[in-house]
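First comes the structure, then the notes that go with it.
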Amino acid sequence: MIDEARKWARSGAAWWGRVRQASGPERDSVLWVGKSALAATAAWWVAQDVLHATSPAFAPFSAVLIMNATIYRSLWQALRYAGAVAVGVAIQGALGFLIGPELFVFPLVAIIALAIGQWRALGEQRTQVATAAFFAFSTYTASSASGDQFAELTQILLLVLIGCALGLAVNLCIVPPLRYRSVEQSIRVLSSEVEHLLQEMADGLRQGDLSAERTNAWIAAGERAQRSLTQAHAGLSTAEDSLPFNPRRLLPAHRGYLAFSRFRQVLVSMERSVYQLASLNRSLNQWQETEDTYKYLPVMHTYADFLTSLACIAHVLSEFDADSLAAQASEALQLTTPAQEKRQAVLKAAQEASLPLADSTRPYGVLVVEANRLMEEFQNTCTTLQTTAQR
Numbered sequence: 078m079i080d081e082a083r084k085w086a087r088s089g090a091a092w093w094g095r096v097r098q099a100s101g102p103e104r105d106s107v108l109w110v111g112k113s114a115l116a117a118t119a120a121w122w123v124a125q126d127v128l129h130a131t132s133p134a135f136a137p138f139s140a141v142l143i144m145n146a147t148i149y150r151s152l153w154q155a156l157r158y159a160g161a162v163a164v165g166v167a168i169q170g171a172l173g174f175l176i177g178p179e180l181f182v183f184p185l186v187a188i189i190a191l192a193i194g195q196w197r198a199l200g201e202q203r204t205q206v207a208t209a210a211f212f213a214f215s216t217y218t219a220s221s222a223s224g225d226q227f228a229e230l231t232q233i234l235l236l237v238l239i240g241c242a243l244g245l246a247v248n249l250c251i252v253p254p255l256r257y258r259s260v261e262q263s264i265r266v267l268s269s270e271v272e273h274l275l276q277e278m279a280d281g282l283r284q285g286d287l288s289a290e291r292t293n294a295w296i297a298a299g300e301r302a303q304r305s306l307t308q309a310h311a312g313l314s315t316a317e318d319s320l321p322f323n324p325r326r327l328l329p330a331h332r333g334y335l336a337f338s339r340f341r342q343v344l345v346s347m348e349r350s351v352y353q354l355a356s357l358n359r360s361l362n363q364w365q366e367t368e369d370t371y372k373y374l375p376v377m378h379t380y381a382d383f384l385t386s387l388a389c390i391a392h393v394l395s396e397f398d399a400d401s402l403a404a405q406a407s408e409a410l411q412l413t414t415p416a417q418e419k420r421q422a423v424l425k426a427a428q429e430a431s432l433p434l435a436d437s438t439r440p441y442g443v444l445v446v447e448a449n450r451l452m453e454e455f456q457n458t459c460t461t462l463q464t465t466a467q468r
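Numbering of the sequence shown is given in this note's numbering, commencing with residue 78 and proceeding in unit increments.
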């Protein structure tokens, strides 16, 4: 029990250390919690102490609900959420005033609200149509006079608008998020996955271990790299959405980092490298166990050296930092020279070993082709990195 407590204490201390030292998901989480709590408190105070609302919880709930990673998305969430609530309340208001607060009215409210909730224009706030309609029905039936019923339904809309407005104001005025650092981190994670995969493949080829277990592990590592690629693209999309309506983009300290096209070009180049590695792994996975590979081991060793040279380039990318992009681009581009030499060595070794390159049932020809393609993609990535660093 004590050991478990110590483990949790060390984990918590490490987590807070990451919060203090650098921007990242930990600091973003702390910032989101703080801003959401502030917006919710302000909304509750307005609803409870200023307006003396019957259901004040609508305001803080709305403030937290629309608090998003970017101001642009928060605005869209607010518009969609307010629209969904307005539709839900309008459904109940119309049926309530036309028919009354009878039990048989509720199924009609539910059917209509749930049907309108399928409208894709409301995005992920579609479910709020039915939620608002149900709360409106509860509020409507709890009120006796028709005037009170109308006032209560109107108050729901007012509280939602107040909560959305306060949530947007807090998100806009208190450290509005700019996500370029998260894009850098995504590229670093992706490059680390690619480096690890290349090094693992190089070790296996150097040892002559092309067993199904080993190649399946490489395929799994390639799938992790593809997931990291997907996350990197999502992070880039979030970063681009963080610019509209964000006053921090005007500050001189941030202007040099907001050309997100550079990140997209690097990601596109790396994307092709990841897919080429996946193709190479599929080829290696098709290796026949009955093949007399011993006489081709020198070729495999040369291929391992080639993959190691690519891993060195991936290592540079795994330290991707916009503050030192020019130096990193120069270093990565310099590493392409020995990588090209290793690729030429693969071609020479294949010729000397008389590899059956034309035999489509055996992987050798594909391996040589993939070496050329991989080198081309890594060269293109480094060239793109240098081009973007000069802008």
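Idealized CB from N, CA, C, for every residue including glycine.
All values reported here derive from a predicted model rather than from experimental measurement.
By alpha-carbon positions, which one of the options ends up nearest to residue i?
{"i": "Leu245", "options": "Leu115, Ala298 and Ile148", "result": "Ile148"}
{"i": "Asp473", "options": "Ala136, Tyr380, Val423 and Asn248", "result": "With the chain running from 78 to 468 in the structure shown, residue 473 is simply not present."}
{"i": "Val345", "options": "Ala404, Arg359, Leu462 and Arg291", "result": "Leu462"}
{"i": "Arg197", "options": "Thr216, Tyr158 and Ile188", "result": "Tyr158"}
{"i": "Thr231", "options": "Ala192, Glu300 and Gln169", "result": "Gln169"}
{"i": "Ser259", "options": "Val423, Ala136, Ala426 and Phe340", "result": "Phe340"}
{"i": "Leu357", "options": "Ala289, Ala448 and Gly312", "result": "Ala448"}
{"i": "Leu275", "options": "Ala187, Asp286, Val266 and Ala298", "result": "Ala298"}
{"i": "Leu58", "options": "Phe227, Glu300, Phe174 and Ala117", "result": "Outside the displayed range of the chain (78 to 468) lies residue 58, so it cannot be described from this structure."}
{"i": "Asp286", "options": "Asn362, Trp121 and Val446", "result": "Asn362"}
{"i": "Val445", "options": "Thr413, Tyr380 and Asn293", "result": "Tyr380"}
{"i": "Ala210", "options": "Ala228, Leu175, Leu199 and Ala171", "result": "Ala171"}
{"i": "Ala426", "options": "Leu185, Glu317 and Phe383", "result": "Phe383"}
{"i": "Pro464", "options": "Leu402, Leu313 and Leu424", "result": "At residue 464 the sequence reads Thr, which differs from the Pro that was named. Selected option, being the one with the closest Cα: Leu402."}
{"i": "Phe138", "options": "Ala302, Leu152, Gly111 and Ala120", "result": "Ala120"}
{"i": "Leu115", "options": "Glu429, Val343, Ile296 and Gly240", "result": "Gly240"}
{"i": "Ile264", "options": "Ala311, Leu156, Leu235 and Ile251", "result": "Ala311"}
{"i": "Glu261", "options": "Pro415, Val393, Leu142 and Leu199", "result": "Val393"}
{"i": "Thr315", "options": "Asn145, Ala187 and Arg359", "result": "Asn145"}
{"i": "Leu236", "options": "Leu108, Asp126, Leu424 and Cys250", "result": "Asp126"}
{"i": "Tyr217", "options": "Cys250, Gly200, Phe183 and Arg291", "result": "Phe183"}
{"i": "Glu348", "options": "Ile251, Met278, Arg301 and Gly160", "result": "Arg301"}
{"i": "Lys112", "options": "Gly194, Pro253 and Leu191", "result": "Pro253"}
{"i": "Ala213", "options": "Ile188, Gly173 and Ala155", "result": "Gly173"}
{"i": "Ser151", "options": "Leu191, Trp109 and Leu185", "result": "Trp109"}
{"i": "Ala190", "options": "Ala161, Val123 and Ser360", "result": "Ala161"}
{"i": "Leu156", "options": "Gly200, Ile193, Phe135 and Ala187", "result": "Gly200"}
{"i": "Val266", "options": "Val123, Leu424, Ala391 and Pro415", "result": "Ala391"}
Can you tell me where the alpha helix (DSSP H) holding residue i begins and where it ends?
{"i": "Met144", "result": "Note, Met144: premise wrong, no alpha helix (DSSP H); not H, not E."}
{"i": "Phe397", "result": "Neither: Phe397 is in no alpha helix (DSSP H) and is coded neither H nor E."}
{"i": "Val186", "result": "Val182 to Ile193"}
{"i": "Gln205", "result": "Thr204 to Ala219"}
Restricting to runs no shorter than 4 residues, where is the alpha helix (DSSP H) found entirely within the segment 254-303?
257-284
Given 8 Å as the limit, is there contact between the segment 204-211 and the segment 163-172, that is, 3 or more CB pairs closer than that?
yes
Cβ contact (3+ pairs, closer than 8 Å) linking the segment 301-310 and the segment 375-390:
no
Within the chosen definition, does the segment 337-355 reach the segment 449-459 through at least 3 CB pairs nearer than 8 Å?
yes
Contact the segment 116-136 vs the segment 259-270: 3+ CB pairs below 8 Å:
no
Check whether the segment 458-465 touches the segment 396-409, taking contact to mean three or more Cβ pairs, one atom from each stretch, closer than 8 Å.
yes
Is it a yes or a no for the segment 390-409 touching the segment 278-296, going by three-plus beta-carbon pairs under 8 Å?
no
How do the segment 377-390 and the segment 415-422 stand: do at least 3 beta-carbon pairs fall below 8 Å, yes or no?
yes
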